[in-house]
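Take a look at the structure below.
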């Protein structure tokens, strides 16, 4: 399952961040899955629940998955825009020479950690 390997990779990344900040546990993990990422958010949530059910750092974490629109930039006119239709055309000049700038990947956005009290002096 593709989503399961993504979640395992995500958890490894979050664990590294949590350990760097001496976190007791992870409260929230915010990700982004664009429409061209090939990721099904419901399957990611399901895999996350299975994988973290007995996990020390991430077992209490809430996984949030933002689903941004597909963003592009036009080569000829240089304008940025959100693609509203399945036609990959610039809405300003109608050029087909666009570059996708957001919405084609799955990525970690933010992590909310619970840190314990500092060392006792």
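Numbering (the numbering used here), first residue to last: 76 to 196.
Think of the CB as a built atom: it goes at the ideal place given N, C-alpha and C, for glycine as much as any other residue.
This one's a predicted model, so the numbers in the text were calculated from it and none came from an experiment.
Short Cβ contact (8 Å threshold) for residue i with residue j
i	j	result
residue 131	residue 186	no
residue 111	residue 145	yes
residue 173	residue 191	no
residue 170	residue 152	yes
Residue i burial status per 10 Å Cβ neighbour count (16 or more: buried)
i	result
residue 89	buried
residue 137	exposed
residue 161	exposed
residue 113	exposed
residue 119	buried
residue 178	buried
residue 165	buried
Cβ distance (whole Å) where residue i is taken to contact residue j below 8 Å
i	j	result
residue 122	residue 79	4 Å
residue 176	residue 148	5 Å
residue 105	residue 139	5 Å
residue 108	residue 163	That belief does not hold up - the Cβ atoms of residue 108 and residue 163 are roughly 20 Å apart, past 8 Å.
residue 133	residue 86	6 Å
residue 158	residue 96	Not a contact, Cβ separation roughly 37 Å.
Terminal residues of the beta strand (DSSP E) in which residue i lies
i	result
residue 108	98 to 108
residue 174	173 to 177
residue 148	145 to 149
residue 182	181 to 190
residue 156	155 to 158
Boundaries of the alpha helix (DSSP H) in which residue i is found, first to last residue
i	result
residue 137	Counting along the chain, residue 137 falls outside any alpha helix (DSSP H), though it belongs to the beta strand (DSSP E) covering 137 to 141.
residue 84	77 to 95
residue 124	116 to 127
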